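Chemist:
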């Protein structure tokens, strides 16, 4: 489904509560207003699309004669946040095709064109603007749908909706022309979708594709305007799309994309801790890599991605995250195109494919496809090192093995019908002295349009190298309890989860149970727990109105409890929540929580919890407040206030976390985003630590192809030596500043040029002041041959 979205740089995400926001966004997508004025249709409307051969100029004018021969479709239904009500603005779409392309023109009228929200941005970053677009289910089987959207200035947004997994992402990138233009009556968009970018069955004479036309209209309230009504009690929106019939001459292209690339980097590093007699001289190195990426649609249903000597670097800096007093490995989003393309094929209930574990492979290959009700995917890479997460039930961390490794994942799914699917997955990581193999099965069963069951069962076999065991268990004394009793022999275990969800327009009820064995490992995934089982339950009630200051109210209650395999309590949590959406696109959320949770172990060489930990009783509040007071300004504040655990010193304290955020489109070309994060823990009448993050992103878009981006991420950690007995006098204070300046030119997602500079500086007791320890200049060029 396509819904209005909030800023991706959520303040709350900086404080580490992405799960609640993600749940809330999904819930919001499923439920809408009670007052209905247009009843949702059970049967789709079928539109015949004309075949016309003509030349058009992409200028946003729609003044060629061919547009008068196109199929005209009115978009006059609001299905978010209201329940299929009449649209307050007029939107008209025009469609025709010529055997090679599907052409779509939009005339989006606006009584106040000065309020149109359209800015020059990077590709796939304009979903918070005014946008228009289309979704296409080219197999008309209610499983996958392409999405193509354009903002008023021509910025493109595309991706794929996966109805079976529930994934809605913008990771897929097509090559297609579009143009947007603001007028004195609104704005107009022209786009063409080449059939070479799509998968469909070209052997069918008269083809029928599912489709939906969408306009996002963000004003005081964000409206989703469409050509079709939606039954809100059925969260399968792809299943309800209308039909577009014709395409008799539509043929697939060669679908072969070859992209050679050239990457050059020059790097300087120095050891700021080197003794004076050795010196801190800069050591430089440079590297030039020539590589090639191949994207080949072998058949309409099967896609091969292959890369040799790839550039697996990313040109977007990671967001700053709080790391002090955290007991779990941090999650970083994947941004590298090879791993992003068709990544939704590998989705399962457990996160078994977390490709940030793969650091620097020198080759890779990926095959994804479908045939009828069958879908399959696999990828293999060879990495010059091995990074993995060491899980536990109270603590997890990231480990590195100094060995080249092979990694692979293989996924299969069979859709029995629209309601029932079965899947299987295997992942493998292998090096000279290390191996991890995971195999499992899963199922999803939609019992009714409102009730769904999802389940997965996994088995793993693992062998750790002796060097890894020695680093965490020197002399047999482990400081990571999950390694107690493990040696360099093979070990294995299972994990499983089952969840049930009941979702209607007014209610959501969700239950989930997961059990992860002590010796279960999924080292290609993001698995932070082992020897861990958890039951959670959530109940939400939704209210909707177009008569009050609020458009949506949500009340909720949550309960969860977790134990280890010996039934020793890890945590028990009860919470209540309330949220509201109101004017200025505002959103307010408050969650009150009481939690019983244990601290870290007294003796990490003992895996037990009872009599080996302190149990704390904690109460705290999480909150979010955000709004768009001006069309070009978005502000937010999130945080946590209440009781927390000082894990290092094993005591209760008071925690304060605040994260203000602002996004300001200074002009149509310049955007500035700033997030400030402050975290403090107090115990025994004084502060224990203070942590600050300042994350600044400035982007100047010369046009839709040329961007200049500056990123600056500053982090600071201060420890109170007089209130940290477990530091034993060690000064752990440290500041860090990472900067990055990048110019990018993108003719399309594959034909690109990047030129950039980055550096890193640190300051601590030994360094004395903020000093650079690393700087880098890099350049990348690639060109797509089709």
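Residue numbers (this note's numbering): 5 to 790.
C-beta: ideal position from N, C-alpha, C; glycine also.
These numbers were taken from a predicted model, which means no experiment stands behind them.
(1) In three-state DSSP terms, what is residue 177?
(2) What number of angstroms, rounded off, separates the C-alpha of residue 728 from the C-alpha of residue 688?
(3) Applying the criterion that 16 or more other CB atoms from any shown protein chain within 10 Å of the CB defines a buried residue, is residue 526 buried or exposed?
(4) Less than 8 Å separating the beta-carbons of residue 186 and residue 156?
(5) May I have the straight-line CA-CA distance separating residue 602 from residue 571, to the nearest angstrom?
(6) Taking the beta carbon of residue 205 as the centre, do at least 16 other beta carbons fall within 10 Å, making it buried, or is it exposed?
(7) Could you tell me the alpha carbon to alpha carbon distance between residue 93 and residue 50, rounded to whole angstroms?
(8) Taking the C-alpha atoms as reference points, what is the distance between residue 409 and residue 364?
(9) Please go through the same chain and pick out, in chain order, the residues whose beta-carbon is closer than 6 Å to the beta-carbon of residue 726, but skip the five residues on each side of it.
(10) According to DSSP, is residue 726 helix, strand or coil?
(11) State yes or no: is the C-beta of residue 418 within less than 8 Å of the C-beta of residue 463?
(12) Can the beta-carbon of residue 290 be found closer than 8 Å to that of residue 270?
(13) So what's residue 788 in DSSP terms, helix, strand or just coil?
(14) Is residue 147 helix, strand or coil by DSSP?
(15) Beta-carbon separation of residue 213 and residue 144 under 8 Å?
(16) Under a three-way DSSP split, which group does residue 361 fall into?
(17) Who pairs with residue 715 in a beta bridge, going by DSSP?
(18) Which of the three DSSP states, helix, strand or coil, is assigned to residue 239?
(19) May I have the straight-line CA-CA distance separating residue 668 from residue 741, to the nearest angstrom?
(20) With DSSP as the reference, label residue 370 as helix, strand or coil.
(21) Does residue 450 pass the burial test, meaning 16 or more other C-beta atoms within 10 Å, or should it be called exposed?
(22) Compare the Cα-Cα distances from residue 543 to each of 580, 549 and 554 and report the closest residue.
(23) State the beta-bridge partners of residue 256 as determined by DSSP.
(24) Quick test of your reading: residue 105 and residue 252, contact by CB under 8 Å. State the CB separation rounded to the nearest angstrom.
(25) So, are the CB atoms of residue 305 and residue 223 less than 8 Å apart?
(26) Residue 427 to residue 414, Cα distance in whole Å?
(27) Residues in the same chain with beta-carbon distance under 6 Å from residue 437, minus the five sequence neighbours each way, listed in chain order, please.
(28) Beta strand (DSSP E) containing residue 680: first to last residue?
(29) CA-CA distance, residue 64 and residue 190?
(30) If you compare alpha carbons, which of 714, 639 and 551 is closest to residue 680?
(31) Measure the C-alpha to C-alpha separation of residue 301 and residue 381 and round it to an integer number of angstroms.
(32) In angstroms with no decimal places, state the Cα-to-Cα distance between residue 775 and residue 285.
(33) Taking residue 570 as part of the alpha helix (DSSP H), name the residues at either end of that continuous run.
(34) Report the CB separation of residue 236 from residue 87 in whole angstroms; it is logged as a contact under 8 Å.
(35) Can you tell me whether residue 462 is helix, strand or coil according to DSSP?
(36) Using the C-alpha atoms, what's the distance from residue 698 back to residue 769?
Modeler: Taking the structure as given:
(1) coil
(2) 11 Å
(3) buried
(4) yes
(5) 14 Å
(6) exposed
(7) 24 Å
(8) 10 Å
(9) none
(10) helix
(11) no
(12) yes
(13) The DSSP-derived three-state label of residue 788 is coil.
(14) coil
(15) yes
(16) Three-state DSSP puts residue 361 in a helix.
(17) 701 and 744
(18) Note: residue 239 maps to coil in three-state DSSP.
(19) 23 Å
(20) Of the three classes helix, strand and coil, the one that applies to residue 370 here is strand, per DSSP.
(21) buried
(22) 580
(23) According to DSSP, residue 256 bridges with nothing at all.
(24) About 14 Å separates the two Cβ atoms, so there is no contact after all.
(25) no
(26) 11 Å
(27) 469
(28) It spans 674 to 687 - the beta strand (DSSP E) in which residue 680 sits, taken as one unbroken run.
(29) Answer to the nearest angstrom: the Cα atoms are 12 Å apart.
(30) 639
(31) 14 Å
(32) In this structure, the CA atom of residue 775 is about 13 Å from the CA atom of residue 285.
(33) Note, residue 570: premise wrong, no alpha helix (DSSP H); not H, not E.
(34) 6 Å
(35) Note: residue 462 maps to strand in three-state DSSP.
(36) 21 Å
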